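Since the structure comes first, as structure tokens, the remarks are kept for the end.
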Amino acid sequence: GQNIDQPTEMTATEGAIVQINCTYQTSGFNGLFWYQQHAGEAPTFLSYNVLDGLEEKGRFSSFLSRSKGYSYLLLKELQMKDSASYLCAPTDSWGKLQFGAGTQVVVTP
Amino acid sequence: EAQVTQNPRYLITVTGKKLTVTCSQNMNHEYMSWYRQDPGLGLRQIYYSMNVEVTDKGDVPEGYKVSRKEKRNFPLILESPSPNQTSLYFCASSFMGASGFTGELFFGEGSRLTVL
Chain A
31 GQNIDQPTEM
41 TATEGAIVQI
51 NCTYQTSGFN
61 GLFWYQQHAG
71 EAPTFLSYNV
81 LDGLEEKGRF
91 SSFLSRSKGY
101 SYLLLKELQM
111 KDSASYLCAP
121 TDSWGKLQFG
131 AGTQVVVTP
Chain B
4 EAQVTQNPRY
14 LITVTGKKLT
24 VTCSQNMNHE
34 YMSWYRQDPG
44 LGLRQIYYSM
54 NVEVTDKGDV
64 PEGYKVSRKE
74 KRNFPLILES
84 PSPNQTSLYF
94 CASSFMGASG
104 FTGELFFGEG
114 SRLTVL
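From first to last, the protein sequence lines are chains A and B.
Quick note: the first sequence uses this note's numbering, first residue 31, plus one each step.
Quick note: the second sequence uses this note's numbering, first residue 4, plus one each step.
What follows is the structure, encoded as structure tokens:
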């Protein structure tokens with residue numbers, strides 16, 4: 031089974047940095063997705079981490095520690111358009127994928 | 004253009020009237036899956052398929068059926084829809100390696116279903 035824990039909501043101002051933590055317990059863990067989702071729209075891919083460490087993609091970075099069952103998504107230089115829900119999704123080796131409930135990020139001027 | 008296409012995008016139906024939501028991908032992906040999304044509950048996996056003729060239950064399979072007769076198509080069937088199946092449905096697909104996902108899971112635009 032999979033238990034996923036991420037904060038419900040985070041608020042930050044434009045230009046700031048926000049870190050969204052995700053802890054999970056996943057049998058047969060293979061990797062972890064991060065997705066961004068605006069209300070009523072399809073999720074948008076941000077990253078897929080398989081190995082331990084930090085991966086950086088522009089303003090967004092994602093970190094994984096397999097031994098700790100822990101990941102975080104770092105959003106830098108926040109913009110208003112970054113206001114969205116951010117979904118953490120650990121996967122196993124057999125195709126099962128479970129999404130966390132999502133962290134709603136609110137960016138204020 | 005690489006895409007996952009779902010139809011219909013919007014549907015209002017009545018209890019008990021069988022319906023099928025189609026999903027098609029043009030990327031030759033092995034893996035396809037269906038999710039439903041409800042307020043406060045996030046995305047929940049209904050069924051998934053690792054390849055043609057291989058399907059498995061996700062977390063909320065009750066009331067749904069799927070089939071994977073061709074690599075590109077993965078229809079979701081509601082044999083007797085009920086109001087608790089009113090939801091936003093997403094289909095997704097991805098390449099699969101020997102040890103699991105190898106990259107992005109591509110999502111369709113979603114199908115909003117209302118069962119009265």
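Virtual Cβ for every residue (Gly too), placed ideally from N, Cα, C.
Computed from a prediction, not measured in an experiment: that's the story for all the values here.
Look at MET110 (chain A) here: in three-state DSSP terms it is helix. Under DSSP, GLN9 (chain B) takes part in a beta bridge, and its partners are B:CYS26.
Taking the Cα of PRO73 (chain A) as reference, the smallest distance to any Cα among B:THR117, B:ARG115, B:PHE110 and B:SER114 is reached at B:PHE110. Residue state for GLN88 (chain B) is assigned as helix, using DSSP reduced to three classes. Inter-residue distance for GLY130 (chain A) and ILE15 (chain B) is about 28 Å (C-alpha atoms, whole angstroms). What PRO120 (chain A) touches in chain B, judged by beta-carbon distance under 8 Å, is nothing: the nearest beta carbon there is about 11 Å away. In this structure, the CA atom of MET30 (chain B) is about 28 Å from the CA atom of GLY132 (chain A). Shown here for VAL7 (chain B): same chain residues with a beta carbon closer than 7 Å to its own, the five before and five after excluded, namely CYS26, GLN28, CYS94, ALA95, SER96, PHE109, PHE110 and GLY111 in chain order. The criterion of a C-beta distance shorter than 8 Å is not satisfied by ARG47 (chain B) and TYR34 (chain B). Sequence-ordered contacts of the region 29–46 of chain B with chain A read TYR34, SER36, TYR38, GLY43, LEU44, GLY45 and LEU46 [C-beta pairs closer than 8 Å]. Between the region 39–47 of chain A and the region 64–71 of chain A there are fewer than three C-beta pairs closer than 8 Å, too few to call the two in contact.
Within a 10 Å sphere around the beta-carbon of ILE47 (chain A) sit fewer than 16 other beta-carbons, which makes this residue exposed. Contact of TYR50 (chain B) with chain A is not assigned, every C-beta pair being separated by 8 Å or more.
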